[in-house]
Every structure is written in C-alpha cells, then in structure tokens.
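Participant: Quick one: the structure is below, and I'll ask about it shortly.
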Amino acid sequence: MSPNFDSAPLPFNLYSSIHLRFMSWGKLLQPDLMLESSILSLTPDIIQHHRLKGLVLDVDETLVPITSAQACAELSPWLEAIQQVATLWLVSNNISENRIKRIAEPFNLPYIIGAGKPSRRKLRRAVTAMGLPPEQVGMVGDRLFTDVLAGNRLGMFTVLVKPMVDPIEAARRYPVHSFEVWLSQALGASLTPGKP
Ligand SMILES: [Mg+2]
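Pasting the structure below:
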C-alpha cells in the first residue's frame, strides 16, 4: 500500500504550531530583569537606569513572607527610598483584605486584592491609575506564572525577585518555584540573573 502523502503535512503543521506556541509562552515567561536576591536588592539606581516611573509590587513572598503578618524592619527604609523615584501600587492575588491592608496602610500604599494574575485586568487598573504607559511601569514579583506572565502580557517591564521568606522557612526548598523555573526554561525562557 502506498503512503498517503496528503495527510503528511498535518502532523508537521501541528508540530510547528505547538512549537511556535511554546516559543511565545517562553517569551511571556521571560523576565526583563532577574535579581539574585529579594526585592530589597532593587535599588533606586536600577529603577532609574531602566527609566521606570512606577512599580506594581506583588505582596506575598515578594514584600512579606507568607508566614508573616508584617513586613520585616528593612522594608520600611526600602519603600521610603523607592517612593522617591517611583509611584507604587500593591497588586496581590491574595483575597484577604485584612492581610494586604495591614501591610499597605502603614506605608500609605494603594492596593488591589484578588488580582487573579496572570489576568491583566486588575493590573491594568493599577497602571491606569498611575497615568503611565505600561512600559514605564515595573511589575515586581516572585512568581513567573503569575507576576511575570501578567506583567509581560500587559507590556510592562518585568522583574523577578527571589522570594522573601521567613528565615526559619528559608532553609526549606520551594518545589513550586523550582518547577516553574524548570518549566519556563523548557519553554524557552532564559533565566540567568541579569546585570542591573
Ligand atoms: Mg508572590
């Protein structure tokens, strides 16, 4: 029986389409900047170097460990310094208004809860409220599949930071982060920490 060549292009096209889709996912998961340490290593100089006028900050494990109700002592001077160069909003997927409000209020920061990142909807609301084009706003977070993906989808400058964890918890590994990094690399994202 002779092979049916009519059907040959289909699997190839299907493969190409899946490959292209994976490539674009890799791009969407690629942070513009990847810091080797926590958000505290993001300095006003780095922000100005990238011409950012605003920052949207994730909360859980970016600003405050999930196991803590309050920010660490170093966060207050960091926020004060950053507020000199950029407008700040907190945008969290956490649905607990009590938690996010307790973290935002001492610093007088506007916040959005239940953002559903990687959805862009509530992220866009924060960027619109800043009155800045998305490319002048940094999305700073500890997760690729929520923070980086949402920020890239909106055309923001995305910054991946190491999770802010409780010192006791720090010794433990974070399987979900490792999995995300592995999957992102498989999708084509280059996750080598960038020079600021
Ligand atoms: Mg987080």
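The numbering used here numbers the first residue of the sequence shown as 252 and each following residue consecutively.
Where is the CB? At the ideal position from N, CA and C, for every residue including glycine.
Using only the heavy atoms of ligand 2, determine whether one of them is closer than 7 angstroms to the beta carbon of E325.
Facilitator: In terms of ligand content, the structure shown lacks ligand 2 and carries ligand 1 instead.
Participant: Is the beta carbon of D417 sitting closer than 8 angstroms to the one on T313?
Facilitator: no
Participant: Could you check if Q436 is buried or exposed, using at least 16 other CB atoms within 10 Å of its CB as the buried criterion?
Facilitator: exposed
Participant: Taking 7 angstroms as the line, does the beta carbon of R350 fall inside it for any heavy atom of ligand 1?
Facilitator: no
Participant: Does DSSP put D311 in a helix, in a strand, or in coil?
Facilitator: strand
Participant: Compute the distance between the beta-carbons of L306 and V388, then report whether it is under 8 angstroms.
Facilitator: yes
Participant: Would you say the beta carbon of G406 is closer than 7 angstroms to some non-hydrogen atom of ligand 1?
Facilitator: no
Participant: Quick one: Cα of R375 to Cα of A324, how far?
Facilitator: 30 angstroms
Participant: Have a look at S289, T379, T443 and flag the residue whose alpha-carbon is nearest the alpha-carbon of W340.
Facilitator: T379
Participant: Is there contact between the stretch 409-416 and the stretch 352-369, where contact requires at least three CB pairs shorter than 8 angstroms?
Facilitator: No contact exists between the stretch 409-416 and the stretch 352-369.
Participant: According to DSSP, what are the bridge partners of G406?
Facilitator: Paired residues: none, contrary to the question.
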